[in-house]
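Numbering (the working numbering), first residue to last: 124 to 380. Structure record follows, encoded as structure tokens.
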């Protein structure tokens, strides 16, 4: 099946040129934001609904974004997904974050100390997203965390670090979670007092410890150690000490006093 345009007539060239450039950029951004980890493939109808335009206008924008490889079209499934150019842009965006460059040497040092996978995450407005990992350990079973993975804002150790230190208005679900879970509120207080998230849930046999990284008085990242729960429990005090020390050194490099 081909990516046929909808039956209603497409805008004329004159009408196309009449659209303000800023509006075109805004609409392209809305289209790209419609794709999420939960909905990586969407229909033209869903794109149209996100834009709030006619199908003809939405189709014209899909054509434009396909031409520059920002989205792609699966003719068999009649679904759109993000294109390969997004990966290049994502890599460039990650590389542009000062914390990533500064974190490299610190993550390597931490890995040598704890001999477990080290992960760095940043807050993307809704949840933590993994921007760097180092799993080059000598363990027989290696834990791998994918760069670009989106983590739970309330269940993950990294998410709890951000919940503890970000302004409440930056964490949309925080108020609801605190009101419905008093234990969660207590855990955030412990994280603020100790600068480490220790009581993170065990997921798939893995345990994560996380500490905040600050710059300019604001939390900018969460540094974490991810390992098999059995492995962490035996050396948890040593892991916590190494993690906190590394996060503090990284914060210092970023100008946090």
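Heads up, the beta-carbon is just placed ideally off N, CA and C, and yes, glycines get one too.
| Query | Result |
| --- | --- |
| How would you call residue 141, buried or exposed, if buried means at least 16 neighbouring beta carbons within 10 angstroms? | Confidence at residue 141 is low in this model, with a pLDDT of 47, below 50, so the placement of that residue should be treated as unreliable; the coordinate-derived value is given next. Per the 10 Å Cβ criterion, exposed. |
| Using three-state DSSP, classify residue 197 as helix, strand or coil. | strand |
| Determine the DSSP secondary structure at residue 266, reduced to helix, strand or coil. | coil |
| I need the DSSP call for residue 158, collapsed to helix, strand or coil. | coil |
| Does DSSP put residue 320 in a helix, a strand or coil? | strand |
| By the DSSP assignment, the alpha helix (DSSP H) with residue 273 in it spans what residues? | No alpha helix (DSSP H) contains residue 273, which DSSP labels as neither H nor E. |
| Taking only the alpha-carbon atoms, compute the straight-line gap between residue 377 and residue 239 and give it to the nearest angstrom. | 24 Å |
| For residue 199, which option in 211, 368 and 166 has the closest C-alpha, if you only look at C-alpha atoms? | 166 |
| Return the residue from the list 246, 367 and 186 that minimises the CA-CA distance to residue 319. | 367 |
| Could you pull out every unbroken beta strand (DSSP E) segment of at least 3 residues lying fully inside the stretch 291 to 350, listed in chain order? | 329 to 338 |
| Could you tell me whether the Cβ atoms of residue 242 and residue 362 are closer together than 8 Å? | no |
| Which residues in the same chain as residue 293 place their Cβ atom closer than 6 Å to its Cβ, once the five residues preceding and following it in sequence are excluded? | none |
| To the nearest angstrom, how far is the alpha carbon of residue 282 from that of residue 290? | 13 Å |
| Considering just the uninterrupted stretch of the alpha helix (DSSP H) at residue 70, what are its terminal residues? | Since the first and last residues shown for the chain are 124 and 380, residue 70 lies out of range. |
| Looking at C-alpha atoms only, which residue of 328, 194 and 288 is the closest neighbour of residue 211? | 194 |
| Who are residue 163's beta bridge partners in DSSP? | Paired residue(s): none; residue 163 is not in a bridge. |
| Starting from the C-beta of residue 246, find all residues in its chain whose C-beta is less than 6 Å away, skip the five residues before and the five after it, and write them out in chain order. | 285 |
| Restricting to Cα atoms, I'd like to know which of 360, 369, 191 and 278 is closest to residue 337. | 369 |
| Taking residue 345 and residue 335 to be in contact with their CB atoms under 8 Å, please state how far apart those CB atoms are, rounded to whole angstroms. | 6 Å |
| Sort 256, 213 and 204 by Cα distance to residue 161 and report the nearest one. | 204 |
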